[in-house]
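Each residue of the sequence shown is one higher than the last, beginning at 48 in this note's numbering. Quick notes on the structure that follows.
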Amino acid sequence: MTSISKLPVDIVNPYESMLERFNIAADILGLDPEKRKRLSRPAKQIILNFSIIMDSGEERNFEGYRVIHSTVLGPSKGGIRFDKDVNLDEVKALAAWMTWKSAVVGLPFGGAKGGIICSPKTMSKTELEKLTRAYTKALIDTFGPNKDVPAPDMGTGADEMGWLMDEYSQVHGKKIYAVVTGKHLDSGGSLGRTEATGRGVSIVILLALKKLSMRPEGTTVAIQGFGNVGMHSALFLFEKGLKIIAVSDIYETLYNSNGFNIHHLIAYSKKNNNSLKGYPDATPIENSQLITLEVDVLIPAAKEDVITAGNVNDVKAKLIVEGANGPTSADADEVIQQKGILVVPDILANAGGVTVSYFEWLQNQLDETWDVEKVNRMLEEILDKSFAEVFDASEKYKVPMRIAAYVIAVHRVDLAQQNK
Ligand code: NAD
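Shown next, in the form of structure tokens:
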């Protein structure tokens, strides 16, 4: 039985990991020290302190964050995370990755991220609504369709985005749908948004397999995290004939050498309060084992710093596709390169989410509703083109795809800054 206390505990700072990769790209681009500071440091960091009344009648205080990393390419864009481990360095890293992510896929957005230290699974819907509304009120002058546009992240979803939109709209006296993305369809959401990140992960996996001359059919996969990103990645890959032999969530890690039926697994998890615990037809293994399993493709789709110097020597996958943001700490990069593992980095691999968020924002601004075929076709076009650009840049500069993606992104933001 896996217990949370047995999860990897390597202490690494995701903001430092971001800076290390940024500086390698900045060396390639020949950026001077002042420019590096201007491009890498967050434009604004907000720390909030607010309280809500819990269902018990007690008042409880919360700490929240919103970090605007950059608005050079457009309004800042980035999710809101509800998690007990949220901290300012994590939010700063996530905000910067949003800047590079939007830039690498060519969207007219800057980067931001937000979070609240809380345990959403232990809170009622009423409490979560109060929390979201209090956070929105505290940031009412920061958010705006052409200023800063939030979205869901770990621990938040369409409900929270709907409450945020409603609170913002009430203050402004009219419905302002474009202030947030990832909403329910009847609150101005876009078809295809919920599954967009996982769809994007599956699109880049198929592109990467082609580069490795591997066929999708029978290719084995391990996926860490079975939330929005992990579950949808699993679904699309299963439908393409890949064999998902290990999956995990915070409660359980499951192994089945014959491959899971992902439709059954999703139905089970949904019925079981979003938990894989107790799924029949599988062998429970230790959470930490998933990263080092004998598989072709590893998809970390839960949280940061799960592939570190502490376990990278034991990683056996040929391809790592980063569904999560920052799952590989910088101290693992060298070994990954020595082992010849192809890594499709987070800022490209999980960019499907922000891309369809952009489509949602556009539909709201234009008062249009696009059909899902159009959304999916445009998503695939953008990811195909971006993957090719990053892969070509990695060959041109003789660097891993991660550094190539940073070079492209940092160069685009730098050029736009110069032209401002
Ligand atoms: P989610 O809250 O829907 O799901 C997270 C999943 O990870 C859950 O199944 C949870 O149980 C599991 N988990 C947490 N800690 C774990 C651990 N130590 N081991 C195994 N499983 C663990 O979150 P999500 O939206 O799927 O986000 C996951 C990651 O993807 C985050 O890094 C997020 O920033 C990133 N991301 C999300 C989106 C999006 O559109 N939702 C877009 C881009 C990137």
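A virtual CB, placed ideally from N, CA and C, is assigned to each residue, including glycine.
Margin query: Can you check which of these residues, A73, L178 and A451, is closest to I164 by C-alpha distance?
Written below: L178
Check: By DSSP, does F129 sit in helix, in strand, or in coil?
Finding: strand
Next item on the list: Assign H231 to one of three DSSP states: helix, strand, or coil.
Entry: Looking at H231 - three-state DSSP - the assignment turns out to be coil, as it is neither helix nor strand.
Next item on the list: Tell me whether E501 counts as near ligand 1, meaning its Cβ is closer than 8 Å to at least one heavy atom of that ligand.
Entry: In this structure the chain extends from 48 to 467, so residue 501 is not present and cannot be described.
Check: What does DSSP give as the partner residues of F97 in its beta bridges?
Finding: F109
Notebook entry, point to check: Using a threshold of 8 Å, is the CB atom of Q336 nearer than that to any non-hydrogen atom of ligand 1?
Noted result: no
Note to self: I need the DSSP call for G209, collapsed to helix, strand or coil.
What the structure shows: helix
Margin query: Less than 8 Å between C-beta atoms, sequence neighbours within five positions excluded: which residues of the same chain meet that for L426?
Written below: G239, A243, R246, G247, I250, G399, T402, V403 and F406
Margin query: Can you list, in chain order, the residues of its chain with a C-beta nearer than 6 Å to that of E214? Leave out the 5 residues immediately preceding and following it.
Written below: Only R180 and T183 meet the Cβ criterion.
Next item on the list: Have a look at K467 and H458 and give me their C-alpha separation to the nearest angstrom.
Entry: 14 Å
Margin query: Assuming Y302 is part of the beta strand (DSSP E), what are its boundary residues?
Written below: T300 to Y302
Next item on the list: For V196, write down the residues that DSSP places opposite it in a beta bridge.
Entry: Looking at the DSSP assignment, V196 forms a beta bridge with K124.
Next item on the list: For I297, verify whether its CB is less than 8 Å away from any heavy atom of ligand 1.
Entry: At least one heavy atom of ligand 1 is found less than 8 Å from the C-beta of I297.
Note to self: Quick check on the DSSP output: what are the complete beta strand (DSSP E) runs of length 3 or more inside the region 387 to 436, in order along the chain?
What the structure shows: 389 to 391
Margin query: What does DSSP give as the partner residue(s) for S295 in the beta ladder?
Written below: Q271 and T300
Check: In terms of residue numbering, what span does the alpha helix (DSSP H) encompassing P374 cover?
Finding: Counting along the chain, P374 falls outside any alpha helix (DSSP H), and DSSP gives it neither H nor E.
Check: What residue range is occupied by the uninterrupted alpha helix (DSSP H) comprising L253?
Finding: A243 to K258
Next item on the list: Excluding the 5 residues preceding and the 5 following W144 in the sequence, name in chain order all residues of the same chain whose CB lies nearer than 6 Å to its CB.
Entry: Its chain contains N372 and I394 as the residues whose beta carbon lies nearer than 6 Å to that of W144, once the 5 sequence neighbours on both sides are disregarded; these appear in chain order.
Check: Run through DSSP, which three-state label would G162 get?
Finding: DSSP places G162 in the strand class (E or B) of the three-state scheme.
Next item on the list: Kindly examine ligand 3 and report whether one of its heavy atoms sits closer than 8 Å to the Cβ of R180.
Entry: Judged by which ligands are present, ligand 3 is missing from the structure shown, whose ligands are ligand 1.
Check: So, is E299 buried or exposed, given that buried needs 16 or more other C-beta atoms within 10 angstroms?
Finding: Looking at its Cβ environment, which holds 16 or more other Cβ atoms inside 10 Å, E299 is buried.
Margin query: I need the straight-line Cα distance from P55 to R68, nearest angstrom please.
Written below: Any reading at P55 is ruled out, since the residue's pLDDT is 41, under 50, leaving its predicted position unreliable.
Next item on the list: Tell me whether the beta-carbon of D188 lies closer than 9 Å to the beta-carbon of G125.
Entry: The beta carbons of D188 and G125 sit no closer together than 9 Å.
Margin query: Whole angstroms are fine: how far does the CA of L323 sit from the CA of S295?
Written below: Rounded to whole angstroms, S295 to L323 spans 7 Å at the Cα level.
Check: Residue ranges of each alpha helix (DSSP H) run of no fewer than 4 residues wholly in the region 311 to 351, ordered along the chain?
Finding: none
Check: Cβ of L284 versus every heavy atom of ligand 1: is any distance shorter than 8 Å?
Finding: no
Item checked: Proximity test, F273 beta-carbon vs ligand 1 heavy atom, cut-off 8 Å -> Yes, ligand 1 has a heavy atom inside 8 Å of this Cβ.
Check: From this set, N397, D361, P374 and A396, which residue's C-alpha is nearest Q385's C-alpha?
Finding: D361
Next item on the list: Identify which residue in L154, G202, A440 and F285 has its Cα closest to the Cα of K168.
Entry: G202
Notebook entry, point to check: Per DSSP, which one or two residues make a beta bridge with I115?
Noted result: K91 and A159
Margin query: Considering just the uninterrupted stretch of the beta strand (DSSP E) at L154, what are its terminal residues?
Written below: First-last for L154: undefined, no H or E at that position.
Margin query: Considering only their Cβ atoms, is the gap separating V114 from L26 smaller than 9 Å?
Written below: Given that the chain is displayed from residue 48 to residue 467, the structure contains no residue 26 and the question cannot be resolved.
Check: Closer than 8 Å: is that where the CB of V368 sits relative to any heavy atom of ligand 1?
Finding: no
Margin query: Between L5 and ligand 1, is there a pair consisting of the residue's CB and a ligand heavy atom that are separated by less than 8 Å?
Written below: With the chain running from 48 to 467 in the structure shown, residue 5 is simply not present.
Next item on the list: Write down the C-beta distance between K363 and E381 rounded to the nearest angstrom, noting that I regard them as a contact closer than 8 Å.
Entry: Going by Cβ atoms, the distance from K363 to E381 rounds to 17 Å, so no, they are not a contact pair.
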